[in-house]
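In what follows, a structure is listed as structure tokens, so that the remarks can point back to it.
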Ligand SMILES: Cc1ncc(COP(=O)(O)O)c(C=O)c1O
């Protein structure tokens, strides 16, 4: 089928919730995607921060193939070795936490919100959660309620009660929002969907930690987009020297397969007991095997160092472009999550790049977002920069 045929067939039958681009991909190799008409694109989008090792990485493909040949699904009524091993691995990487597996970012954030409520109920009958304006936590009703962007709430009100939204990067606002009913603070260490917003207050997250300690609240970091090496550290909060009580991961965790993980301090996780929460597919052995391969590859190929070095190169080049252009306000980010803040809408630049076979996306209206694979080479980074420079000058 051609691009046009696939697009047409999709539009006939799919619920129309995505503003899709008229492109259908049939193959991916490393940082390149091939569309149904045979065109090759450089992918600085990674399926929304998911395929962080690029497409068709042999370690991930082999892990999926060999696990699928053995066993694909048994449910959480039973155990599997890949799930046990992945839980052990993640726990070892995050302070001996206990792990709950689900299938998406929204689901693990939903789990975190439910954990906070259950824990709060047992700790003084508390249920309120403080979350941030401009955040994104998912599309289920609880995660949507915690998503501080009104445009996503329209038509779905009323939102879940007990969620207070305050400005990101504003410690005093959090302090003022704490009530005797507050159980937790939920925040992205760097806001992704909101426009790649890095807290400007250097002590922001550390001060949230202090507020949580003082008031016996759970500090919960949504690392669904910025976790798994995206920022040049395995977890974004490592840049800020702050350890949360609860952390959520998804997107890049499974190398392209749907998997999410909520990690919680064991004493906190203990509030959830058999029957209190669950999911049929969570911890699927094929997805867990893929995630183990992703973690192995990040370590073996030193991808955190590469993400830092190539991310810095990209940001430096983009800043040079910004100096020569009157269209760019700011270049910001960490490692391989980069936001180019435009004076006007970012979408025309996305379209211009796409015409020249570079995929990136626009978020928050005026922010061009780059999410390249962590193993991007310098040559591939230069290829992307050349296209962006050309797209801007056009
Ligand atoms: C920070 C963050 N949390 C949660 C989500 C929701 O993840 P999912 O789309 O897998 O439900 C996203 C998705 O973009 C995200 O960026």
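In our numbering, the protein residues as written are 2 to 395.
No residue lacks a Cβ here, since even glycine has one placed at the ideal position from N, Cα and C.
Keep in mind the model is a prediction, meaning the values are calculated, not measured.
The alpha carbon of residue 285 has as its nearest neighbour, out of 254, 166, 340, 5, the alpha carbon of 254.
Ligand 1 approaches residue 108 closely enough that one of its heavy atoms is under 8 angstroms from the residue's Cβ.
Separation of residue 11 and residue 144 (C-alpha to C-alpha, rounded to the nearest whole angstrom) is 28 angstroms. For residue 99, the enclosing beta strand (DSSP E) stretches over residues 99–103. Residue 303 has its alpha-carbon roughly 35 angstroms from the corresponding atom of residue 212.
By a beta-carbon distance limit of 8 angstroms, residue 227 contacts residue 190. Their separation comes to about 6 angstroms. Of all alpha-carbon atoms in 198, 185, 181, the one lying nearest the alpha-carbon of residue 210 is that of 185.
Between ligand 1 and residue 152, a heavy atom-to-CB distance of less than 8 angstroms is absent. Assignment of beta strand (DSSP E) within the stretch 101–163, counting only whole runs of 3 or more residues, yields 129–133 in chain order. Cα atoms of residue 273 and residue 119: separation of roughly 7 angstroms, rounded to the nearest angstrom. For the options 283, 278, 373, the alpha carbon positioned closest to that of residue 73 is the one of 283.
For the pair residue 292 and residue 256, the Cα-to-Cα distance works out to about 6 angstroms.
For residue 247, the uninterrupted beta strand (DSSP E) run begins and ends at 247–250, by DSSP.
One thing to note: residue 382 has its Cβ within 9 angstroms of the Cβ of residue 315.
Around the beta-carbon of residue 103, 16 or more other beta-carbon atoms lie within 10 Å, marking it buried.
The beta-carbon distance between residue 280 and residue 108, rounded to whole angstroms, is 7 angstroms. This is short enough to meet the 8 angstroms contact definition. Of 122, 339, 114, 369, the smallest CA-CA separation from residue 247 is found for 114. In the same chain as residue 4, and ignoring 5 residues on each side of it, the C-beta atoms closer than 8 angstroms to its own belong to 23, 24, 25, 36, 37, 38, in chain order. For residue 118, the shortest separation between its Cβ and any heavy atom of ligand 1 does not lie below 8 angstroms. Separation of the CB atoms of residue 149 and residue 136 is rounded to 5 angstroms, and the pair is thereby assigned contact status at 8 angstroms.
DSSP, read as helix, strand or coil, puts residue 266 in coil. With fewer than 16 other beta carbons inside 10 angstroms of its own, residue 352 counts as exposed. Annotated as proximal: residue 53 and residue 230, with beta-carbon spacing under 9 angstroms. Around the Cβ of residue 16, a 10 Å sphere holds fewer than 16 other Cβ atoms; the residue is exposed.
Look at residue 346 here: in three-state DSSP terms it is coil, with no helix or strand label. When the Cα atoms are used, residue 165 and residue 147 turn out to be separated by approximately 8 angstroms. Rounded to whole angstroms, the gap between the alpha carbons of residue 62 and residue 182 is 47 angstroms. Distance from the Cα of residue 151 is smallest, within the candidate group 387, 188, 89, 365, for 365. Comparing C-alpha distances from residue 90 to each of 343, 290, 359, 393 shows the shortest one belongs to 290. By the Cβ-count criterion, residue 317 is exposed, with fewer than 16 other Cβ atoms from all chains shown falling within 10 Å of its own Cβ.
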